[in-house]
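Structure first, then comments.
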Amino acid sequence: MNTYQTLLYYCYSPIENAEDFAAKHLAFCQSLGLVGRIIVAEEGLNGTVSGTAAACSTYMEAVHADPRFAKTEFKIDDVEEPSFIKMHCRYKPEIVHSGLRNPEIINPNLQTGKHLEPTEFMEMKDQEDVVILDVRSNYEHSVGRFKNAVTLDIDNFREFPEKVKELEQYKGKKILTYCTGGIKCEKASALLLKEGFADVYQLHGGIIKYGKEAGGKDFDGKCYVFDNRVTVDVNAVNPTVVSTCKNCGKVTPKMINCANPDCNEHFTQCDECGWELSGCCSTTCMEHPRKREYDGTGYYIKVPQPVNYEKISKRKHKNFPPKETV
12 MNTYQTLLYY CYSPIENAED FAAKHLAFCQ SLGLVGRIIV AEEGLNGTVS
62 GTAAACSTYM EAVHADPRFA KTEFKIDDVE EPSFIKMHCR YKPEIVHSGL
112 RNPEIINPNL QTGKHLEPTE FMEMKDQEDV VILDVRSNYE HSVGRFKNAV
162 TLDIDNFREF PEKVKELEQY KGKKILTYCT GGIKCEKASA LLLKEGFADV
212 YQLHGGIIKY GKEAGGKDFD GKCYVFDNRV TVDVNAVNPT VVSTCKNCGK
262 VTPKMINCAN PDCNEHFTQC DECGWELSGC CSTTCMEHPR KREYDGTGYY
312 IKVPQPVNYE KISKRKHKNF PPKETV
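Positions in the sequence shown are counted from 1; adding 11 to them yields the numbering used here.
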């Protein structure tokens, strides 16, 4: 019986003193014994946390009790063990890095594409006047995507605004955007509307909710997630594998990080090539002096680097020069 849960959520809602909130929220999560990764910005929250079912329930109740986050929707997965090792809650300029920071230009609280529930999305996606648009990065859609989806050649979501001009040919159609949990679509669909796309929609709750409520029909492959599970199953109706091993071309659903920490590329690799290359994407990376030990998973815990006290001392003296002696 599973005793742990993993919660995926986001909420666009203004937060004053966001840096202070992040520090207090971290302490609260730690008090519950949760592990995970939360990003806090003036525009809201974006998180994935994991812990016991009781701790997760307490956390959701606390978030909903705050009027700013009462509308937050949690995607809940039962897991056999926590999906993270540590708890991180950090302040950043945006809760998803897009470069669209000015709320007077793009504000998900004021305008986004029309939200489609999973069953509505399923009914619309195959219509002739519809284009399904994947707004995720290359490493995400390479391991799984909707049938016939338009994908963009981007390594990070912050590149999305530059790619909008490549979508001009679809301006007369209905654009159905989707991503992992919905957060990227909030800004992507808003930007499309601003750029003159008249009929824009987004999959509410993203791929994860679609899998839970619509059985994942016609989603090929697996869904990339940002925790130590790396990918999760979505399609229980007509599943298939679409990703291939970067090294030999064999069909495989397995995605890993390169064992060379300076590379750390997300890529798909079969077990045979994984052991042959020690979890590296190439023989060159195999020779790296700091290559991490491969255990078959391709997931690595970030190891804290030694504190550089000399650098800290220099910085302190720069900011607080020694007082003159009399």
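The C-beta atom is built at its ideal place from N, Cα and C for all residues, glycine as well.
Asked: Secondary structure, beta strand (DSSP E): runs of 3+ residues fully inside the region 70-97; Found: 86-90
Asked: Own chain partners of D140 with C-beta closer than 7 Å, once the 5 adjacent residues on each side are dropped; Found: K184 and K185
Asked: Closest residue to G55 among G155, R156, S94 and R112 (Cα-Cα distance); Found: R112
Asked: Y181 - partner residues in DSSP beta bridges; Found: DSSP output for Y181 lists no bridge partner at all.
Asked: CB of P264 within 8 Å of CB of K233, strictly; Found: yes
Asked: Helix, strand or coil at V107 [DSSP, three-state]; Found: coil
Asked: Distance, E131 Cα to G124 Cα; Found: 14 Å
Asked: Whole-Å CB distance - V161 paired with V142, under 8 Å assumed; Found: 6 Å
Asked: Where the alpha helix (DSSP H) containing Y221 begins and where it ends; Found: G217 to A225
Asked: Identity of the residues DSSP links to R240 by a beta bridge; Found: Its beta-bridge partners do not exist; DSSP assigns none.
Asked: Terminal residues of the beta strand (DSSP E) in which N57 lies; Found: G55 to T63
Asked: Buried versus exposed call for L18 [16 or more other C-beta atoms within 10 Å across all chains shown]; Found: buried
Asked: A38, buried or exposed, once every other Cβ within 10 Å from all chains shown has been counted against 16; Found: exposed
Asked: Three-state class that DSSP yields for C234 in the structure shown; Found: strand
Asked: Within the region 121-172, ranges of the alpha helix (DSSP H) (whole runs, at least 4 residues); Found: 129-135 and 149-152
Asked: Spatial neighbours of K35 in its chain, beta-carbon cut-off 8 Å, leaving aside the 5 residues before and after; Found: none
Asked: Contact belief for Y189 with F157 at Cβ below 8 Å, rounded distance in angstroms; Found: 7 Å
Asked: Cβ shell of F32 (< 7 Å), same chain only, five flanking positions each side left out; Found: I26 and V51
Asked: Where the alpha helix (DSSP H) containing F208 begins and where it ends; Found: No alpha helix (DSSP H) contains F208, which DSSP labels as neither H nor E.
Asked: Of the residues E179, I117, T69 and Y235, the one placed nearest A209, counting alpha carbons only; Found: E179
Asked: I267 versus K195, S293 and Y310, residue with shortest Cα-Cα distance; Found: Y310
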